[in-house]
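Numbering (my numbering), first residue to last: 184 to 604. As structure tokens, the structure follows; a few thoughts come after it.
Shown next, in the form of structure tokens:
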């Protein structure tokens, strides 16, 4: 109960910096992946579709909402037959009408990873922007970090590296804000976590280490009861806590997530949960507030249950998600044990789900890549209430949803959709 109250208070404090109806970052305010709004549970191309706009390119990033604007990124392929990107774009639309308000091109005039291997699964625009209600901050991988005003003017641009991991899988982590800084997981570009001044783009600190390689999750801020704050992130084989002001390592814990780590950490009060590893090698719960190696003192539990790509959703002491193999999971936040594990019917073959679940009202929404959006309740069994397919769009839906003012926003490699009455 105390943890729930603290988590709610943290979200209230964060909300004071932005409009209540905003969806300002990946998985919403503080990464909580929840909204009290009520949105339709069923839709198709003729029912409960408020508007649809075609996008000039593909992308796996999620839309964000700031005021009456929805912002999304994409990449446009070049003229060569290989599918390599020619430019990245940031686009802004009116959230009520779908009218385009502005767009900015960022040409790829540097050596980018080739369109092969895992990059073909997610492309070159996988990092979700973040906003403080005054500007939008965009991470474009090797294309750098950019501050953009709400009327579409670039304030500053910063290069955070042009490197590639040994697997050349491309960039995926999203930005997070802390006080007057923008924090970047540049694991792919420079094996670094970097803090930049929001106003100028000037580097405040940099934590660089080989272990950061193959870290694709978004860092999160933990607010402790004693008033201190920590920046937590899951790297292959460990959970790290950094001082968000200085970048200094506060503590670490050994974890079962070896290999690449794609899901973002989940924060509930002073407890950090992490899933991932190759292939979905485990999960862990760790108490924040320790010092140095806390493997023996602060780890609450470890378990083999895990998610490979999606960040699980925490609801009333349980985690819910559908993994990239098409299996619906529910596990206990108390010990990581499986409550249910059920194969989802009517899914495409291959890797059918990349998006993370969100809780909207009393329902969980999971966007699949090519089999529509599943809607179900957080109960003891997996019972879909609806599977909503936009039949005219046969491209991938990799981004997670955004929610604002009773409407749901989802994107594919082809279009941006507003679901609502």
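We treat Cβ as the ideally placed atom computed from N, Cα and C, and that holds for glycine.
Suppose you measure from the CA of residue i to the CA of residue j; what does that come to, to the nearest Å?
i           : j           : result
residue 381 : residue 340 : 11 Å
residue 412 : residue 529 : 44 Å
residue 344 : residue 372 : 5 Å
residue 244 : residue 269 : 17 Å
residue 433 : residue 214 : 22 Å
residue 408 : residue 267 : 48 Å
residue 337 : residue 498 : 38 Å
residue 296 : residue 563 : 43 Å
residue 203 : residue 262 : 43 Å
residue 291 : residue 550 : 30 Å
residue 321 : residue 383 : 14 Å
residue 224 : residue 392 : 45 Å
residue 385 : residue 333 : 21 Å
residue 348 : residue 398 : 10 Å
residue 193 : residue 406 : Here residue 193 scores only 47 on pLDDT, less than 50, and its place in the model is too uncertain to base an answer on.
residue 580 : residue 230 : 19 Å
residue 491 : residue 518 : 19 Å
residue 187 : residue 466 : With a pLDDT of 39 at residue 187, under the threshold of 50, the modelled position of this residue cannot be trusted; read the value that follows with caution. The alpha-carbon atoms of residue 187 and residue 466 are separated by roughly 21 Å.
residue 314 : residue 446 : 21 Å
residue 237 : residue 253 : 14 Å
residue 589 : residue 480 : 44 Å
residue 257 : residue 240 : 5 Å
residue 283 : residue 255 : 11 Å
residue 547 : residue 280 : 26 Å
residue 265 : residue 304 : 14 Å
Name the DSSP bridge partner or partners of residue i?
i           : result
residue 459 : 465
residue 254 : 247 and 275
residue 328 : 322 and 341
residue 368 : 376
residue 590 : 587
residue 450 : 455
residue 406 : 412
residue 352 : In the DSSP output, where bridge partners are listed per residue, residue 352 has none listed.
residue 503 : 496 and 513
residue 437 : 421
residue 390 : 376
What do you reckon, are the CB atoms on residue i and residue j nearer than 8 Å?
i           : j           : result
residue 376 : residue 395 : yes
residue 210 : residue 522 : no
residue 310 : residue 356 : yes
residue 486 : residue 520 : yes
residue 556 : residue 532 : no
residue 454 : residue 483 : yes
residue 378 : residue 422 : no
residue 272 : residue 288 : yes
residue 427 : residue 366 : yes
residue 319 : residue 331 : yes
Beta strand (DSSP E) segments (min. 3 residues) lying fully within the segment 534-558: If you keep only unbroken beta strand (DSSP E) runs of at least 3 residues inside the segment 534-558, you get 541-543 and 546-550.
Runs of alpha helix (DSSP H) lying entirely within the segment 200-233, each at least 4 residues, in chain order: Restricting attention to alpha helix (DSSP H) runs no shorter than 4 residues, the segment 200-233 encloses none.
Any 3 or more C-beta pairs closer than 8 Å across the segment 504-512 and the segment 469-476: Fewer than three beta-carbon pairs drawn from the segment 504-512 and the segment 469-476 are found closer than 8 Å, and the two stretches are therefore not classed as touching.
3 or more residues per run - each beta strand (DSSP E) lying fully within the segment 259-318: Fully enclosed beta strand (DSSP E) runs of 3 or longer: 268-277 and 283-290.
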